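Numbering (my numbering), first residue to last: 32 to 516. Backbone N, C-alpha and C define an ideal beta-carbon position, used for all residues, glycine too. Owing to the predicted nature of the structure, the values given are computational and were not obtained by experimental measurement. What follows is a short report on a single structure.
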C-alpha cells in the first residue's frame with residue numbers, strides 16, 4: 032500500500048510539471064524588459080503562472096498548442112491515472128486492465144473491412160488464405176475520464192501500453208496457428224474519454240472455398256471464413272455498419288513462393304496470380320448453436336485469363352468454320368477430306384484442353400467451354416455424316432426422274448451460290464455429251480440414256496449437303512457472336 036501511495040504522489044508531481052511546461056510554452060515573454068530589468072520575470076506573467084498552477088489540472092490549454100513531447104507526457108499522465116484508479120479498485124490484481132471489460136453483453140462494432148489479398152500456396156492449390164484487417168471498436172467503462180480533469184478527447188496506446196490492456200483474441204474454426212502462417216493481432220489502439228476503444232484487427236486465416244467452374248478457365252471462387260472470440264465467460268455481440276457489409280474491389284491476388292514458418296510478413300516479393308478479388312462481405316453469424324456472435328467474412332474472386340480463354344476457343348472455332356464452308360472447296364469427295372482433317376484438329380485441341388484441366392476435376396459441374404467443344408464436335412460429325420451419305424448416294428445409278436422443280440432449284444443453288452457442279456472439270460451439258468459418247472457403242476444405248484437420271488439426283492444430293500452446311504453455319508455464327516457457350 033505504501034508503494035501505491037508513493038506512485039500516486041509521483042504521478043501528481045509529473046502532472047504539475049506538465050502543466051507548467053504547457054503554460055510556459057504559450058505565455059508571452061518580453062525579452063526586451065528582461066534585458067533591461069536584469070532578467071527579472073514579468074510581474075503579470077508570474078501572476079498568471081501562479082493562477083494556472085493554483086488551479087492545477089482542472090484547466091488545460093488547447094491540444095494544438097502542445098509540443099509532441101508534451102502531448103506524449105500528457106497521454107502518459109492520463110494512462111497512469113487510469114491504471115492508478117483501477118489499482119485502487121482491484122488492489123489484489125497486478126494488471127487489472129488485462130481482464131475483460133465489465134460490460135455485459137460485450138458489444139463490438141465493425142467500422143470497416145479491407146481484404147488486402149488472397150494468396151495460395153501454388154497455382155494448383157485449392158487452399159486460399161484471406162489476409163486483411165478489420166477496424167473494431169468496443170466500450171470499456173474502466174477507461175473513462177472526465178474532460179474537466181483531462182482536456183484530451185482521446186489517447187493512443189503505444190506497444191508497452193497495449194500489453195497492459197485487454198484486447199479480444201480472435202480465432203477461426205480451422206485451428207490454424209502461427210506455424211502455418213495464420214495470425215490475428217490487434218494493433219493501432221486508441222481510447223476516447225467515453226471509454227470507447229478503437230483497434231485494427233490484422234488477420235490471415237485459411238478459408239472454405241467453393242469454385243464455380245462453369246466459366247472455366249475464368250472460374251469464380253467464393254471463400255468464407257468465421258472469426259470468433261475465445262471464451263471470455265460472457266456473451267459477445269457484433270454489429271456491422273451498412274457501408275462495411277458489402278464492398279466491390281479490384282485487388283490482385285498473389286501466390287506466395289514459399290510458406291513461412293513464423294508470423295506472416297507482408298512482402299512485395301510475390302508472383303502475380305490470375306486470381307483477382309472482386310467483392311467482399313461481412314456479417315454477424317451464430318456457429319454451432321453458440322450464444323455469442325461470430326463474424327462471417329466472404330470474399331469473391333475471379334480468375335482473369337482472357338488470353339488462355341481465347342487460345343482455347345480460336346483453333347477449334349477456325350477448324351469448325353472450315354468444316355462448314357467446305358462446299359466452297361469443291362466436290363463431295365474433297366469436302367469429306369477437308370472435314371476429316373478438321374475433325375483431327377478439333378481432337379488435338381480437345382486433348383490439349385484436357386491436359387490443362389485441374390487434377391481434382393470440376394467438382395461435378397461441366398464448364399461452358401467443354402459444352403462449346405461438344406457442340407463443335409457434333410456439328411463436324413453430322414456434317415461428315417451427311418457428306419458421306421450424299422457421296423454414297425451419288426454413285427448409284429438412278430432410273431427414276433426427280434421432280435423437275437426440285438432439280439432446277441438444286442442446280443441453281445449449286446451453280447450460283449456454292450459454285451459447284453457434279454463434276455468440277457466439266458459443265459452439266461458436256462457431262463451429258465461425254466456420257467452419250469461413252470454409251471454410243473453399247474447395245475440399246477439410246478434406251479439407257481433415256482432411263483439414266485443419275486446426274487439430276489447428284490445435283491439434288493449436293494444441294495442437300497450444301498443446305499445442311501449453310502444451316503450449321505448459321506447456327507455456328509449465332510452461338511459464337513452471342514457467346515452462348
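Residues that DSSP places opposite residue i in a beta bridge
i, result
"residue 217", "232"
"residue 316", "325"
"residue 144", "165"
"residue 202", "259"
"residue 361", "Per DSSP, none; premise fails for residue 361."
"residue 223", "185"
"residue 138", "268"
"residue 159", "151 and 238"
"residue 210", "BP columns for residue 210 are empty, so no partner."
"residue 111", "Per DSSP, none; premise fails for residue 111."
"residue 170", "227"
Beta-carbon proximity of residue i to residue j, cut-off 8 Å
i, j, result
"residue 249", "residue 340", "yes"
"residue 221", "residue 186", "yes"
"residue 493", "residue 361", "no"
"residue 167", "residue 313", "no"
"residue 234", "residue 215", "yes"
"residue 105", "residue 128", "no"
"residue 184", "residue 224", "yes"
"residue 173", "residue 211", "no"
"residue 484", "residue 434", "no"
"residue 392", "residue 242", "no"
"residue 422", "residue 350", "no"
"residue 511", "residue 308", "no"
"residue 414", "residue 370", "yes"
"residue 400", "residue 343", "yes"
"residue 175", "residue 208", "no"
Collapsed DSSP secondary structure at residue i in the structure displayed
i, result
"residue 336", "coil"
"residue 427", "coil"
"residue 243", "strand"
"residue 513", "coil"
"residue 175", "coil"
"residue 150", "strand"
"residue 502", "helix"
"residue 414", "helix"
"residue 196", "coil"
"residue 133", "coil"
"residue 237", "strand"
"residue 254", "strand"
"residue 387", "coil"
Residue i versus residue j: straight-line alpha-carbon distance, rounded
i, j, result
"residue 347", "residue 377", "5 Å"
"residue 316", "residue 327", "6 Å"
"residue 325", "residue 259", "5 Å"
"residue 81", "residue 189", "With a pLDDT of 38 at residue 81, under the threshold of 50, the modelled position of that residue is not reliable, and no figure is offered here."
"residue 245", "residue 330", "19 Å"
"residue 390", "residue 487", "56 Å"
"residue 133", "residue 197", "11 Å"
"residue 239", "residue 396", "18 Å"
"residue 332", "residue 237", "15 Å"
"residue 436", "residue 364", "26 Å"
"residue 162", "residue 204", "16 Å"
"residue 232", "residue 201", "9 Å"
"residue 497", "residue 449", "7 Å"
"residue 181", "residue 109", "7 Å"
"residue 432", "residue 482", "8 Å"
"residue 142", "residue 514", "42 Å"
"residue 408", "residue 516", "14 Å"
"residue 495", "residue 345", "29 Å"
"residue 410", "residue 503", "7 Å"
"residue 206", "residue 403", "43 Å"
"residue 170", "residue 230", "12 Å"
"residue 254", "residue 311", "10 Å"
"residue 334", "residue 247", "9 Å"
"residue 150", "residue 322", "32 Å"
"residue 264", "residue 119", "24 Å"
"residue 126", "residue 337", "58 Å"
"residue 199", "residue 160", "21 Å"
"residue 459", "residue 398", "Caution is warranted here: a pLDDT of 36 is assigned to residue 459, below 50, making its placement in the model unreliable, and the coordinate value is therefore given only provisionally. Their Cα atoms are separated by approximately 50 Å."
"residue 177", "residue 251", "53 Å"
"residue 137", "residue 107", "27 Å"
Q: Report yes or no: do the region 501 to 513 and the region 352 to 372 share at least 3 C-beta pairs separated by less than 8 Å?
A: yes
Q) Using 8 Å as the Cβ pair cut-off and three pairs as the minimum, do the region 417 to 424 and the region 258 to 274 touch? A) no
(Q) Does the contact criterion of 3 or more C-beta pairs under 8 Å hold for the region 370 to 384 versus the region 435 to 452? (A) no
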